[in-house]
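The opening position of the sequence shown corresponds to residue 5 in the working numbering, with each subsequent residue numbered one higher.
To keep things clear, I will list the structure first and then write my remarks on it.
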Amino acid sequence: MSAKPDTAPEVSFVLPCLDEAETLEACLEVVKRTIREHDLDAEIVVADNGSRDGSPEIAERCGARVVHVAERGYGAALQGGFAAARGRFLVMGDADQSYDFGEAWPMIERLRAGADLVMGSRFAGAIEPDAMPWSHRWLGNPVLSFLGRRLFRAPVSDFHCGLRALRRDVFERLRLRTLGMEFASELVVKASAAGLRIEETPVTLYPDGRSGAPHLRTWRDGWRHLRFMLILSPGYTLFAPGLLLMAIGALLLARLAFGPLELGFATLDIHSMLVASLLVIVGYQAATTAIAAQIFSVAEELGRPSPRMWRAFEIFTLERGLLAGVLITTCGLAIVGHSAWDWARGGMGPLVPSVVMRPLLLAATWMVVGVQTLLMSFLYSMLGIRRQNAGPGGGPSA
Ligand SMILES: Nc1nc2c(ncn2[C@@H]2O[C@H](COP(=O)(O)OP(=O)(O)O)[C@@H](O)[C@H]2O)c(=O)[nH]1
Ligand SMILES: [Mg+2]
């Protein structure tokens, strides 16, 4: 890092900026006023990745340091800006006049008092009329924040607030990965998974000062946030529902394999057995896909680190997975063989569905589950390849 301890300032204000010539100067004035008012030892960094309206020149004229980030996107800009910042504390805030950088002062005080990440909360503070579209105010932000709180136990009322402050070593430790707007979620999710001290201060959201459209696109970016949280929560989204479907299907399948089930008002027979078989298959696919998603998120350092998962690779090796797949498939084949044998011995008479389909549905289920096990073993092994290259005891980053 370029930071020299003797010259490094206490605070770096980092402003992601894409074509904000209309508002950047006013934002920088507020930052400078905040620095003066509180006598802060601070620097100002503007993280730009491709402005074409002269924003970087404005930033330089106002005394900010411009960091040119090659990769496009809000997350990429902030990551580049943070990496180049030298302060012990990092304050991030939009360059469109939607936040008052004066409200970063209580955040800095919280960092000084020992917080790792201080989130602004517009819901605990205020949202000026016309500052936030209706759909973000009442749908996008509350629903996504609620999900985030539930899925990641993050004590945060406003997941997407653009004004935040964090310790620089926290940024380095979290190994943030995302390049788009979902960066806002990644920071909170990882900080909370890492057990960091997260605090909140109320902030006010003002209508932005630009005449053009915002960069954030409601549906695209809302979906990116949601997608990000869902891929990091395969346990809730896929594994648990998958196991439930499998359990229901397996019970029904096992029972119907012995004969029809009289329920009084209806009789469950081979037709229900087909449904039971599909439940088992779909449930198994969901549960095994969840494991793949989990491996991906850990291997790509999107989710929380999991030494336990890497240890599991030593037990559930590719070879063992393939063997299990072959054995399960063979069970299915054996059932088919047994039925065929019975039929041949019985003189190869007519095939009565209510008799023949029972073992065949059972066999088909075993075979699909077996083949799925084979396929998933390959996939898991592929997803975990970085770990295997690192050799025993090493994770991908070790
Ligand atoms: N450097 C850079 N800044 C961006 C990018 N996208 C958004 N920003 C900045 O991030 C801040 C928030 O963006 P904005 O469009 O206002 O999002 P919203 O306030 O959440 O609707 C503004 O300062 C933008 O200039 C990007 O791709 N690159
Ligand atoms: Mg904005």
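Even glycine gets a Cβ: it sits at the ideal position worked out from N, Cα and C.
| Item | Value |
| --- | --- |
| Should H219 be counted as a contact of ligand 1 given a C-beta to heavy atom distance under 6 Å? | yes |
| On the DSSP bridge assignment, give the partners of A169 in chain order. | V95 and V122 |
| Taking 6 Å as the cut-off, is the CB of D162 close to at least one heavy atom of ligand 2? | no |
| Can you check whether the CB of D52 is closer than 7 Å to the CB of V70? | yes |
| Closest to L326 by CA distance: which of M380, I299 and Q298 is it? | M380 |
| Would you check if there are 3 or more beta carbon pairs closer than 8 Å linking the stretch 370-379 to the stretch 334-345? | yes |
| Quick one: is S6 buried, meaning 16 or more other Cβ sit within 10 Å of its Cβ, or exposed? | Residue confidence is low: S6 scores 48 on pLDDT, short of 50, so the model does not pin down where it sits. Its coordinate-derived value is still stated next. Flag for S6 reads exposed. |
| Cα-Cα, which of E318, F86 and L283 is closest to L366? | L283 |
| Thinking just about the alpha-carbon of each residue, which of W138, G58 and R171 is nearest to the one in D120? | R171 |
| Pick out whichever of C21, D212, M136 and A296 has its Cα sitting closest to the Cα of L82. | C21 |
| In angstroms, rounded to a whole number, what distance separates the CA positions of I299 and G353? | 51 Å |
| So does S281 have its beta carbon nearer than 6 Å to some heavy atom of ligand 2? | no |
| Can you grab the Cα-Cα spacing for the pair G144 / G226, in whole Å? | 7 Å |
| Is the distance from the Cβ of P159 to the Cβ of I112 below 7 Å? | no |
| Count the other C-beta atoms from every protein chain shown that fall within 10 angstroms of the C-beta of I339, then say buried if there are 16 or more, exposed otherwise. | buried |
| Rounding to the nearest angstrom, what Cα-Cα distance links A89 and A296 in this structure? | 36 Å |
| Between the C-alpha atoms of S343 and G253, what's the straight-line distance to the nearest angstrom? | 22 Å |
| To the nearest angstrom, how far is it from the Cα of Y240 to the Cα of L247? | 11 Å |
| Pairing CB atoms from the stretch 144-154 with CB atoms from the stretch 39-55, are three or more of them under 8 Å? | no |
| Measure the beta-carbon distance from V49 to G85 and round it to whole angstroms, keeping in mind my assumption that it falls under 8 Å. | 5 Å |
| To the nearest angstrom, how far is it from the Cα of F105 to the Cα of P238? | 37 Å |
| Note down the Cα distance separating L167 from C31, rounded to an integer number of angstroms. | 13 Å |
| Can you tell me where the beta strand (DSSP E) holding E47 begins and where it ends? | A46 to D52 |
| Provide the residue(s) that pair with R69 in DSSP beta bridges, ordered along the chain. | V49 |
| Quick one: what's got a C-beta closer than 8 Å to P218's C-beta in the same chain, skipping five residues either side? | D100 and D212 |
| What's the call for A63, buried or exposed, on a 16-neighbour Cβ count within 10 Å? | buried |
| Please indicate yes or no: does the CB of S149 lie closer than 6 Å to some heavy atom of ligand 2? | no |
| According to DSSP, is L236 helix, strand or coil? | coil |
| Should S215 be listed as close to ligand 2, given that the test is whether its C-beta is under 6 Å from any heavy atom? | no |
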